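K.L.:
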């Protein structure tokens, strides 16, 4: 069973600390891969919540594979993100404070496909011409572009 679903059985929609990983994936043109979320229609970088026993790096690699079909060959830790400014309330009511390890990857293989039902589109975007981003992705990319 998914750790988050199991935990939600006990706490309902109450705020929790959600440990997870996300990945800034760059193609050969320096464009960033973004996904359009089904639940709120906003774009964000691939990533997700940690499962019991997984490391941040394992979570990053697994989530990218599940969400995009890409296989990461190597990643580098970019930064950690946590605190009250990383609070999120999902459209269905679940609340969390994210504690994220964000990685950078430009060494991957495979073809993009949508398989997890969480996103409706995937596309590489110029860092200077981005679509409407989720609040957390905005903060992550602001730090990346500093």
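Residue numbers (the UniProt record's numbering): 1 to 146.
Built from N, CA and C at the ideal position, the CB exists for glycine as well.
None of the values given here were measured: they were computed from a predicted structure.
Using DSSP bridges, identify the partner residues of residue 79.
P.N.:
Beta-bridge pairing links residue 79 to 102.
K.L.:
Which residues in the same chain have their Cβ closer than 8 Å to the Cβ of residue 95, if we skip the five residues on either side of it in sequence?
P.N.:
Here the set comprises 13, 14, 15, 16, 87, 88 and 89.
K.L.:
Distance check for residue 53 and residue 44, CA to CA, integer angstroms please.
P.N.:
Approximately 25 Å, taken between the alpha carbons.
K.L.:
With distances taken from CA atoms, which of 121, 109, 98 and 108 is nearest residue 137?
P.N.:
The residue with the shortest Cα to Cα distance from residue 137 is 98.
K.L.:
Residue 37 and residue 119 - do their beta-carbons sit closer together than 8 Å?
P.N.:
Yes, these two residues count as a Cβ contact at 8 Å.
K.L.:
Using 10 angstroms around the beta-carbon of residue 21, count the other beta-carbons present and answer buried if the total reaches 16, otherwise exposed.
P.N.:
By the neighbour-count rule (16 or more Cβ atoms within 10 Å), residue 21 is buried.
K.L.:
Going by the DSSP bridge assignment, what does residue 58 pair with across the sheet?
P.N.:
According to DSSP, which records beta bridges pairwise, residue 58 is partnered with nothing at all.
K.L.:
Helix, strand or coil: which one does DSSP assign to residue 7?
P.N.:
Here residue 7 sits in helix by DSSP.
K.L.:
The alpha helix (DSSP H) with residue 135 in it runs from where to where?
P.N.:
Run containing residue 135: 135–144, per the alpha helix (DSSP H) assignment.
K.L.:
Suppose the cutoff is 6 Å on Cβ atoms and the five residues either side in sequence are ignored; what does the same chain contact list for residue 66 look like?
P.N.:
Correct list, in chain order: 116.
K.L.:
If you draw a straight line from the alpha carbon of residue 144 to that of residue 24, how long is it in whole angstroms?
P.N.:
Going from the Cα of residue 144 to the Cα of residue 24 covers about 9 Å.
K.L.:
Need the endpoints of the beta strand (DSSP E) that residue 87 sits in, please.
P.N.:
87–89 is the extent of the beta strand (DSSP E) around residue 87.
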